[in-house]
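Read top to bottom, the protein sequences are chains D and G.
For the first sequence, my numbering begins at 5 and goes up steadily by one.
For the second sequence, my numbering begins at 12 and goes up steadily by one.
Down below is the structure, laid out as structure tokens.
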Amino acid sequence: MNRMWKRIALVLGIILVGVVVARFFILPRLQPHIFGGAVIQSNQQAPRTEMISADGPVSVRDFQGEVVVVYFGYTFCPDVCPATLSKLADSMAILGDRADEVQIIMVSVDPARDTPEMLKEYVTHFHPDFIGVTGDEATVNRVATLFGVVYEVAEGTEATGYTIDHTSTVILVDREGYLKLVLPFEGSAEQIAGDIEYFLG
Amino acid sequence: MRKKWIIRSVIPVVLLFIAVGAFVVFEPIQVLPRIRISPGYLLVNQDAETVTSEDVRGDIVLYSFTYSGCGEECIDIHNTMMEVQSRLGEVDTGDVDVRFMTISFDAETDTPEVLGEYAARLGADPDVWQFATGDAVHLENVVKAGFEVYYQEHADGDFSFAPVFILVDGWGVIRGEYRYQTNASDADKIVRHLDVLGEEVRNSHGAASLAYEAAHFFLCYP
């Protein structure tokens, strides 16, 4: 009797281990990752154009070996930018320790008003590791164009000053510096974290 | 007993190979590669209205590049665009619009009026086809650096450039580049590709979108 129970326990144990192995080690590898954004085959590397941060010159390509996530916004931005930046901060939280291998950069589309110091204060409000960069109008225009981003001064109220309409997509640059993924504004923090994790490998 | 075991373990592997082989050979799902990001732009069209890359987000756009002063060397470009325009009825892109955008690199000469006359002369359908140009420095960023279409202005005001057509999807990702003039008509190829893109747009929802992503993965990322 005792022996039979031992056998049953052994079989149950093996099944349990099998299920755990299948669920956590085999299934995730068989299941393709479903991207929140559009993955690009891309032979296109991010531009090396140098921009200015509060802590000195920065280019998107300074972080090779890390996944770089680039967003275009501005500090006076009323709604879209704070929403996106807090979503990006949430995705960093989801990534946990792996967030160390990710650099989030916001490029200002309002170089006339945003100083490097204002940008630093603004982006670090969302996450201490975020970097905010700006440059002269020509530099920002060139970088934005190459990231598929366009911006345009729009009317504002007297209180807020002018606002700027701009492309709200987030672009992911892989460890080798290639533009690899376009994430829509609507994507959730979980989706963004999942997509970043895929490119972390 | 042992033989059975070997046969049993080999069968799934063989089936998998056949499945992948069939996928590659018969291409039940065709996809165009996602080549790279299409540049962002802010230009002015033939109606003196601002037109940006955001205005056409969600639409499939066919781009061509020229200038109104271009003579004989541009006949092929226009004929190709006109042929695609006349054959748009052949492609079904569901509820996604197909648009044409011809970007002129002669910002100085090609004012909205000039572009308007030019469009009318060619027979462009204003509901589908826009003509636009913009600030010279921005144009360099957009056309040369972004679309990778090279042009050079000469002292007499003429431009030399390579004829290129570029197909961009609703995500703002370049899906087709037609750079080399061969004996085969570019229009045939473009119409065929519009059809493939249309099919993807119409079908890649829910579970089918997984199949499309798999097709992208197998066929476009070797």
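Glycine is no exception: its CB is placed at the ideal position from the N, C-alpha and C atoms.
Sequence-distant residues of the same chain with beta carbon closer than 6 Å to residue i, five excluded per side
i	result
Phe-189 of chain D	Ser-172
Gly-77 of chain D	Cys-85 and Met-110
Thr-63 of chain G	Leu-53
Lys-91 of chain D	Ala-193
Ala-166 of chain G	none
Met-92 of chain G	Ser-75
Gln-49 of chain D	Gly-181 and Tyr-182
Beta-carbon proximity list for residue i, same chain, < 8 Å, skipping 5 on both sides
i	result
Gln-163 of chain G	Phe-170, Ser-171 and Phe-172
Tyr-223 of chain G	Ile-40, Val-42, Glu-211, Asn-214 and Ser-215
Asp-146 of chain G	Ala-118
Val-144 of chain D	Met-55, Val-111, Ser-112, Val-113, Pro-115 and Thr-138
Arg-110 of chain G	Val-67, Asp-70, Ile-71, Val-72, Leu-73, Val-139, Trp-140 and Gln-141
Beta-bridge pairing of residue i - partner residues as DSSP gives them
i	result
Phe-142 of chain G	G:Thr-113
Glu-164 of chain G	G:Phe-170
Ser-112 of chain D	D:Gly-77
Pro-61 of chain D	D:Ile-56
Arg-47 of chain G	G:Ile-185
Gln-107 of chain D	D:Val-72
Ala-158 of chain D	D:Thr-167
Ala-42 of chain D	D:Val-186
Cβ-based neighbour list, residue i, same chain, cut-off 7 Å, excluding 5 preceding and 5 following
i	result
Pro-233 of chain G	In this prediction, Pro-233 of chain G has a pLDDT of 35, which is less than 50 and means its spatial position is unreliable; what the coordinates show is noted afterwards. Hits under 7 Å: none found.
Asp-140 of chain D	Pro-115
Val-95 of chain G	Leu-73, Ala-198, Ile-201 and Val-202
Gly-160 of chain D	Tyr-166 and Thr-167
Tyr-126 of chain D	Thr-79 and Gly-136
Gly-22 of chain D	none
Leu-236 of chain D	Lying before the first or after the last residue shown, residue 236 of chain D is absent from chain D, which here runs from 5 to 205.
Selected residue, minimal CA-CA separation from residue i, among the options
i	options	result
Arg-11 of chain G	G:Asp-108, G:Val-139, G:Pro-174 and G:Ala-147	A question about residue 11 of chain G goes unanswered here, because the residues of chain G that appear run from 12 up to 233.
Arg-234 of chain G	D:Gln-195, D:Glu-194 and D:Tyr-182	The requested residue 234 of chain G is not part of the displayed model; chain G covers only 12 to 233.
Val-42 of chain G	G:Leu-150, G:Arg-186, G:Ser-75 and G:Pro-23	G:Arg-186
Leu-73 of chain G	G:Tyr-189, G:Thr-144, G:Leu-178 and G:Gly-183	G:Leu-178
Ser-97 of chain G	G:Val-175, G:Val-139 and G:Pro-174	G:Val-139
Leu-99 of chain G	G:Val-202, G:Val-62 and G:Tyr-223	G:Val-202
Ser-57 of chain G	G:Arg-110, G:Lys-200, G:Val-67 and G:Ile-114	The residue asked about is misnamed: residue 57 of chain G is Gln in this sequence, not Ser. Of G:Arg-110, G:Lys-200, G:Val-67 and G:Ile-114, the residue nearest in Cα terms is G:Ile-114.
Val-106 of chain D	D:Val-137, D:Glu-70, D:Phe-130 and D:Arg-52	D:Glu-70
Thr-138 of chain D	D:Ala-103, D:Met-122 and D:Val-15	D:Met-122
Leu-150 of chain D	D:Arg-52, D:Thr-167 and D:Ala-26	D:Arg-52
Asp-59 of chain D	D:Gly-205, D:Phe-134 and D:Gln-68	D:Phe-134
Gly-191 of chain D	D:His-37, D:Gly-41 and D:Leu-16	D:Gly-41
Ile-108 of chain D	D:Cys-81, D:Gly-205, D:Ile-196 and D:Ala-26	D:Ile-196
Ala-225 of chain G	D:His-37, D:Ala-26, D:Val-74 and D:Lys-184	D:His-37
Val-157 of chain D	D:Ile-175, D:Gln-49, D:Phe-80 and D:Glu-54	D:Phe-80
Arg-68 of chain G	G:Trp-182, G:Pro-44 and G:His-204	G:Trp-182
Ile-86 of chain G	G:Phe-111, G:Pro-174, G:Ser-20 and G:Lys-155	G:Pro-174
Ser-49 of chain G	G:Ile-29, G:Ile-71 and G:Pro-123	G:Ile-71
Cβ of residue i within 8 Å of any chain G Cβ
i	result
Thr-171 of chain D	yes
Gln-45 of chain D	yes
Glu-193 of chain D	Contrary to the premise, residue 193 of chain D reads as Ala rather than Glu in this sequence. Not closer than 8 Å to any Cβ of chain G, the Cβ of Ala-193 of chain D fails to qualify, so no.
Val-186 of chain D	yes
Val-174 of chain D	no
Val-153 of chain D	yes
Leu-1 of chain D	Lying outside 5 to 205, the shown extent of chain D, residue 1 of chain D is not represented and no answer is given.
Ala-158 of chain D	no
Gln-48 of chain D	yes
Leu-183 of chain D	yes
Ala-26 of chain D	no
Ala-58 of chain D	no
Below-8 Å beta-carbon distance, residue i vs any chain D residue
i	result
Ile-46 of chain G	yes
Ala-226 of chain G	no
Tyr-232 of chain G	Any reading at Tyr-232 of chain G needs caution, since the residue's pLDDT is 49, under 50, leaving its predicted position unreliable; the model's value is listed next. At least one chain D Cβ lies under 8 Å of Tyr-232 of chain G.
Leu-27 of chain G	no
Thr-63 of chain G	yes
Ser-49 of chain G	yes
Leu-53 of chain G	yes
Asp-127 of chain G	The question names Asp, but residue 127 of chain G is Gly in the sequence shown. Closer than 8 Å: no.
Val-175 of chain G	no
Ala-218 of chain G	no
Gly-183 of chain G	yes
Residue-chain proximity (residue i, chain A), Cβ-Cβ < 8 Å
i	result
Ala-116 of chain D	Among the chains of the structure shown, chain A does not appear; the protein chains present are D and G.
**Request:** Name, going along the chain, the residues of the region 188 to 215 of chain G whose beta-carbon falls closer than 9 Å to a beta-carbon of chain D.
**Result:** none
**Asked** In chain order, what residues of the region 127 to 150 of chain D put their CB closer than 8 Å to some CB of chain G?
**Response** Taking 8 Å as the Cβ-Cβ cut-off against chain G, the residues of the region 127 to 150 of chain D that qualify are Ala-142, Asn-145, Arg-146, Ala-148, Thr-149 and Leu-150.
**Request:** Could you please tell me which residues of the region 13 to 25 of chain G, in chain order, have their CB closer than 8 Å to any CB of chain D?
**Result:** none
**Prompt:** What residues in the region 132 to 160 of chain G have a beta carbon less than 7 Å from any beta carbon of chain D?
**Reply:** Correct list: Val-148, His-149, Asn-152, Val-153, Ala-156 and Gly-157.
**Request:** Anything in the region 83 to 107 of chain D with a Cβ closer than 7 Å to a Cβ of chain G? List those residues in chain order, please.
**Result:** none
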